[in-house]
Structure formats: C-alpha cells, structure tokens
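Engineer: If you scroll down you'll find the structure; I have some questions about it.
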Amino acid sequence: TEAALQALKQAIENSYRITVLSGAGMSTESGIPDFRSPGGIWEDEAAMQAMTHSFWRDCPEQFWPKFKAVFMNPVYLNAKPNAGHRALALMEAQGREVTVLTQNVDGLHREAGNSRVYEMHGSIRSAVCPDCRTRYDLDYVLAQDVPRCSFISMKGVACEAILQPDVVLFEQEVRYLGEALRAVRTCDLLLVLGTSLTVYPVADLPRYLNRDRAKLVIINLEETDEDGRADLVIHGKVGEVLERVMG
Ligand code: NAD
Ligand code: APR
Numbered sequence: 005t006e007a008a009l010q011a012l013k014q015a016i017e018n019s020y021r022i023t024v025l026s027g028a029g030m031s032t033e034s035g036i037p038d039f040r041s042p043g044g045i046w047e048d049e050a051a052m053q054a055m056t057h058s059f060w061r062d063c064p065e066q067f068w069p070k071f072k073a074v075f076m077n078p079v080y081l082n083a084k085p086n087a088g089h090r091a092l093a094l095m096e097a098q099g100r101e102v103t104v105l106t107q108n109v110d111g112l113h114r115e116a117g118n119s120r121v122y123e124m125h126g127s128i129r130s131a132v133c134p135d136c137r138t139r140y141d142l143d144y145v146l147a148q149d150v151p152r153c154s155f156i157s158m159k160g161v162a163c164e165a166i167l168q169p170d171v172v173l174f175e176q177e178v179r180y181l182g183e184a185l186r187a188v189r190t191c192d193l194l195l196v197l198g199t200s201l202t203v204y205p206v207a208d209l210p211r212y213l214n215r216d217r218a219k220l221v222i223i224n225l226e227e228t229d230e231d232g233r234a235d236l237v238i239h240g241k242v243g244e245v246l247e248r249v250m251g
C-alpha cells in the first residue's frame with residue numbers, strides 16, 4: 005500500500021547504518037529460481053540431496069556434474085543484478101553504511117556495487133583445493149567436467165586434488181556469523197529481503213536486533229516466522245518495492 009511504501013521510505017531516510025539480510029527471493033527477478041517456492045531449486049529432491057559435503061567427499065566425480073547443473077547453469081551464469089540489488093547499491097552510494105548479509109551464492113550484490121557484502125553461504129564464483137587451498141576462478145572450474153587442482157610443488161609433485169566449490173554445502177558451517185551478529189546488533193535498520201527464514205543459523209539473526217534503537221522491516225512474497233515481530237512487513241517483490249521507494 006502507499007502508506008507502507010511511505011513508511012519504508014521514511015525508515016530508510018532516517019537510517020544511517022542499514023543491515024540487509026537477503027535470500028534467494030532477492031534474485032528471482034534476475035531469473036534465478038529460489039529454493040522453496042513452487043518451481044524452486046529444491047523441488048528436485050535429488051539436487052538437494054547431492055548438495056552435501058559428504059557427497060562431494062565420497063563421490064566427487066558424480067558431485068560436480070550435479071553441482072554444475074544446479075548452480076553453474078546459464079540461468080545463474082547470465083543473471084544480472086535487478087532493481088532490488090541496484091537500490092541497495094544506491095543506499096550505499098548516497099553515503100550510508102550498508103552491510104549486506106546474503107545467503108545467495110550468485111554474487112549479484114557485489115556486482116551491483118555494494119562494497120560490504122558477507123556471502124554467508126559462499127559463492128559460485130570460485131572453487132578451492134581441499135589440500136593446498138589454492139583458489140580457482142569460475143572460468144577454470146567451467147573448463148573441466150571435474151575440476152582438479154593444477155598446483156605443482158617445488159619438487160615437481162602435482163597436487164591434482166578435486167576442487168570443492170566455494171559454496172557452503174549441507175553439513176558445513178555458514179560463514180561470517182560473527183560479523184553478521186555485529187552488523188545486526190549495531191544497525192539502525194534491518195531489511196530482511198526475499199528469504200523464507202527457514203534455514204539456521206541465518207534465520208535466527210533478526211532476533212539479535214536491538215529493538216529500542218533499530219527497526220525491523222521484512223519484504224517477502226510470503227509470510228515468515230518473524231513477521232509478527234517486524235515494525236513493517238510488505239508482501240511484495242523486493243525489486244519492485246525498493247525501486248518504488250528509492251526512485
Ligand atoms: P540445515 O540442516 O539448517 O539445512 C537447511 C536446509 O537445508 C533445511 O531446511 C533443508 O531444507 C535442507 N537440508 C538439510 N539437510 C540437507 C541435506 N542433507 N541435503 C539437502 N538438503 C538438506 O543446515 P545444513 O544442512 O547443515 O547446511 C548448512 C548451511 O549450508 C545451511 O545454512 C544451508 O542453507 C547452507 N547450504 C547452502 C547451499 C547453497 O546452495 N548456498 C546449499 C546447501 C546448504
Ligand atoms: N520478492 C520478494 N520475495 C520473494 C521474491 C521476490 N521477487 N521471490 C521469492 N520470494 C520469497 C519466497 O516467497 C520465499 O519466501 O523469497 C523466499 C525465498 O525463500 P527460499 O526459497 O527458502 O530461499 P532462502 O530463504 O534464500 O533459502 C535459504 O536454504 O538450502 C538453503 O542454502 C540454501 O541459501 C539457501 C537457504
């Protein structure tokens with residue numbers, strides 16, 4: 005509604021330190037399906053079961069084609085930032101301190117121009133050797149069906165270990181939890197954008213908001229468990245709503 009959009013505009017204008025908690029709903033307007041809506045990525049049970057650390061460890065040759073099919077397909081690789089990503093970059097460009105905590109692995113927040121982005125579930129833009137920790141970029145990973153490390157030691161010994169994607173797989177820990185907690189504790193405004201808040205520990209972050217100094221705003225197509233605690237809830241498309249508000 006107009007009143008809700010006005011309230012959101014006010015909240016953003018009155019805030020200096022804005023923390024964003026984004027999920028897959030942030031990137032659906034860039035063409036990338038989310039995980040749990042109809043048509044979401046986890047509708048394919050086999051895909052979800054394959055995204056585990058133990059599957060990569062035990063069957064890396066089978067893991068990689070499945071991982072590439074889910075996360076390194078043309079939809080992900082050709083995706084561009086949408087109006088929602090651009091609005092968050094504008095908030096920072098206007099001089100605010102914006103910290104983006106994202107569960108997304110598509111790299112679109114950084115591509116849109118935000119400079120403080122914590123990719124808590126990692127990123128598809130690189131892969132790492134589990135033995136010598138050498139990192140490789142996306143082009144290197146795409147060039148081989150099963151990407152292996154090409155590091156040669158001083159003694160001429162080839163590493164050749166099979167790389168792990170830089171994405172946090174099931175059974176692995178999320179990253180930057182300390183930085184995320186601090187960003188939520190110290191902000192004036194927490195914007196929760198396009199996440200079902202069903203995956204922990206990220207789903208717990210809004211609970212750490214300092215309610216006597218900060219506002220909680222949720223923009224999501226469907227209800228979340230935090231809606232009751234929010235100062236403002238807008239059930240709409242993140243890109244459309246933020247574009248209306250940021251102009
Ligand atoms: P978790 O147990 O909280 O799993 C979170 C969600 O992952 C659950 O809601 C369930 O839908 C699904 N899930 C859980 N176990 C699964 C499994 N064995 N196979 C497939 N799906 C499973 O956390 P976790 O499983 O320990 O994962 C740790 C973190 O890694 C989570 O925050 C998860 O979101 C993240 N992760 C990220 C990606 C990615 O694509 N970025 C993929 C997998 C997991
Ligand atoms: N605008 C607003 N909300 C949207 C939009 C949009 N354009 N598109 C989808 N949504 C909402 C959906 O209604 C849903 O509630 O975004 C939410 C996306 O939720 P999920 O599909 O569960 O994605 P996410 O919350 O990011 O999942 C968290 O689960 O498996 C793990 O690692 C995976 O990072 C992922 C994590």
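Under the UniProt record's numbering, the first residue of the sequence shown carries the number 5, and numbering increases by one thereafter. No residue lacks a Cβ here, since even glycine has one placed at the ideal position from N, Cα and C.
(1) In the region 160–248, which residue ranges form an unbroken alpha helix (DSSP H) of at least 4 residues, counting only runs that do not cross its ends?
(2) CB of His113 to nearest heavy atom of ligand 2: below 7 Å?
(3) Hey, how far is the Cα of Ile16 from the Cα of Leu193?
(4) Considering just the uninterrupted stretch of the alpha helix (DSSP H) at Ile128, what are its terminal residues?
(5) I need the straight-line Cα distance from Leu209 to Ser26, nearest angstrom please.
(6) Going by the CB atoms, is the gap between Pro151 and Trp68 shorter than 8 Å?
(7) Check whether the Cβ atoms of Pro221 and Leu201 lie closer than 8 Å to each other.
(8) Thinking Val242 and Leu9 are a contact (beta carbons under 8 Å), I'd like their distance in whole angstroms, please.
(9) Answer with buried or exposed for Thr199, where buried requires no fewer than 16 other C-beta atoms within 10 angstroms of its C-beta.
(10) Less than 8 Å separating the beta-carbons of Leu112 and Ser34?
(11) Identify the residues that DSSP records as bridge partners of Glu65: which are they?
(12) Got a sec, what are the start and stop residues for the beta strand (DSSP E) Arg139 sits in?
(13) How long is the line joining the alpha carbons of Ala218 and Ser157, rounded to whole angstroms?
(14) What residue does the beta strand (DSSP E) around Arg21 start on, and which one ends it?
(15) Within 10 angstroms of the Cβ of Ala7, are there 16 or more other Cβ atoms? Answer buried if so, exposed if not.
(16) Can you find the residues in the same chain that come closer than 6 Å, C-beta to C-beta, to Ile223, ignoring five residues on each side of it along the sequence?
(17) Pick out whichever of Glu115, Leu185 and Lys70 has its Cα sitting closest to the Cα of residue 300.
(18) In terms of DSSP beta bridges, what is Arg114 paired with?
(19) Tell me the DSSP secondary structure of Met104 in three-state form.
(20) Identify the continuous alpha helix (DSSP H) that holds Glu96 and give its terminal residues.
Structural biologist: Well, looking at it:
(1) 181–189
(2) For the purposes of this step, residue 113 is identified with residue 109 of the sequence shown, where counting begins at 1. Answer for His113: no, Cβ out of range of ligand 2.
(3) Indexing the sequence shown from 1 puts residue 16 at position 12. Indexing the sequence shown from 1 puts residue 193 at position 189. Those two C-alpha atoms are separated by around 7 Å.
(4) Here residue 128 corresponds to residue number 124 of the sequence shown, with the count starting at 1. Careful: Ile128 lies outside any alpha helix (DSSP H), inside the beta strand (DSSP E) at Gly126 to Val132.
(5) Counting from one through the sequence shown, the residue named residue 209 turns up at place 205. Counting from one through the sequence shown, the residue named residue 26 turns up at place 22. Cα to Cα, Leu209 sits roughly 11 Å from Ser26.
(6) Residue mapping note: residue 68 aligns to position 64 of the sequence shown, counting from 1. Residue mapping note: residue 151 aligns to position 147 of the sequence shown, counting from 1. For Trp68 and Pro151, yes; Cβs fall inside 8 Å.
(7) Here the question's residue 221 lines up with position 217 in the sequence shown. Here the question's residue 201 lines up with position 197 in the sequence shown. Before going on, a small fix: residue 221 reads as Val here, not Pro. For Val221 and Leu201, no; Cβs fall outside 8 Å.
(8) Indexing the sequence shown from 1 puts residue 242 at position 238. Indexing the sequence shown from 1 puts residue 9 at position 5. Actually they are not in contact, since the Cβ atoms of Val242 and Leu9 sit about 13 Å apart, beyond 8 Å.
(9) Position 195 of the sequence shown, counted from the start, is the residue given in the question as residue 199. By the neighbour-count rule (16 or more Cβ atoms within 10 Å), Thr199 is buried.
(10) Counting from one through the sequence shown, the residue named residue 112 turns up at place 108. Counting from one through the sequence shown, the residue named residue 34 turns up at place 30. Their beta carbons are under 8 Å apart, which means Leu112 touches Ser34 by this criterion.
(11) Mapped onto the sequence shown, residue 65 falls at position 61. Answer is none; Glu65 lacks a bridge partner.
(12) Start at 1 with the first residue of the sequence shown, and residue 139 comes out as number 135. Residues Arg139 to Asp141.
(13) Reading the sequence shown from its first residue, position 214 is the one you call residue 218. Reading the sequence shown from its first residue, position 153 is the one you call residue 157. Roughly 52 Å between the two C-alpha positions.
(14) For the purposes of this step, residue 21 is taken as the residue at position 17 of the sequence shown. Here the beta strand (DSSP E) through Arg21 covers Arg21 to Ser26.
(15) Residue 7 sits at position 3 when you count from the first residue of the sequence shown. Ala7 comes out exposed.
(16) Counting from one through the sequence shown, the residue named residue 223 turns up at place 219. Contacts found: Leu197, Ile238, Val242 and Val245.
(17) Because the chain is modelled from 5 through 251, residue 300 falls outside the range shown and cannot be assessed.
(18) Here residue 114 corresponds to residue number 110 of the sequence shown, with the count starting at 1. Note: Arg114 sits in no beta bridge, so no partner.
(19) Working through the sequence shown from its first residue, we reach residue 104 at position 100. The sequence shown places Val at residue 104, rather than the Met named in the question. If DSSP states are grouped into helix, strand and coil, Val104 belongs with the strands.
(20) Taking the sequence shown and counting its residues from 1, one reaches residue 96 at position 92. Start and end: Ala87 to Ala97.
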